[in-house]
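Everything below concerns the one structure shown next.
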Amino acid sequence: MKLSIHANHLSLPKDVTTFIAKHVTRPLARVYDDQAAELSVHFDDSRPKKGGVDQACRLSFRMPGARTIHVESVQEDLYKALLDASERLKRHVRKQVDRMRATSRKPMHRPLGRTWRERSTRQGVTPDGDPAAL
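Taking the numbering used here, the leading residue of the sequence shown gets -10, the next gets one more, and so forth.
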């Protein structure tokens, strides 16, 4: 799984990469592990000069053969926002994997064509010209 981390208006702590590896990528790899999958983490401080609940974490997970999943969480702490977003992302990925593994809802049998007997008996005549009494 490829990982990219971005920060806007915010300086990241040094241990954030190990925190992401422990609490996001490792549990996510249990649900869906593919080398082509991409996880991008975006941290943002919407009001850098003011305090309050403004630490945002956006996770985007690209799965080959499926849609990109986007999750966002805004909390007062960066780590709380990351944990909340990662739980929601795991839940959405699990749903998407179940959809990918499930068979279609209505399996339909569509043969390429009907045999001569099926076509002729529908009209009431067999290939010999006799009435269909099968």
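From the three backbone atoms N, C-alpha and C, an ideal C-beta is built for every residue, glycine too.
Check	Outcome
Assuming Glu76 is part of the alpha helix (DSSP H), what are its boundary residues?	Leu67 to Arg90
Going by DSSP, what residue range makes up the alpha helix (DSSP H) through Ala18?	Arg15 to Val20
Which residues mark the beginning and the end of the beta strand (DSSP E) in which Gln24 is found?	Neither: Gln24 is in no beta strand (DSSP E) and is coded neither H nor E.
List the whole-angstrom C-beta distance separating Leu72 from Gln44, where the pair is believed to meet the contact cut-off of C-beta under 8 Å.	Actually they do not touch by this definition, with Cβ atoms about 12 Å apart.
Alpha carbon to alpha carbon, how far is Ile9 from Asp22?	16 Å
Please state the DSSP three-state secondary structure of Lys132.	For the chain, the structure presents residues -10 to 123; residue 132 sits outside this window and is missing.
Counting only beta-carbon separations shorter than 8 Å, does Leu71 have a partner in chain C?	The displayed structure is made up of one protein chain only, and chain C is not part of it.
Need the endpoints of the alpha helix (DSSP H) that Gly6 sits in, please.	Checking the sequence, you will find Thr at residue 6 rather than Gly. Per DSSP, Thr6 belongs to the alpha helix (DSSP H) from Val5 to Ile9.
Closest to Met(-10) by C-alpha separation, out of Ala26, Ser0, Leu17 and Leu(-1), would be which residue?	Ala26
So for His31, helix, strand or coil by DSSP?	strand
Do you know how far the Cα of Cys46 is from the Cα of Val86?	23 Å
Which value, in whole angstroms, describes the spacing of the CA atoms of Ser0 and Val13?	20 Å
State the Cα-Cα distance for the pair Ser(-7) and Ala74, rounded to the nearest angstrom.	16 Å
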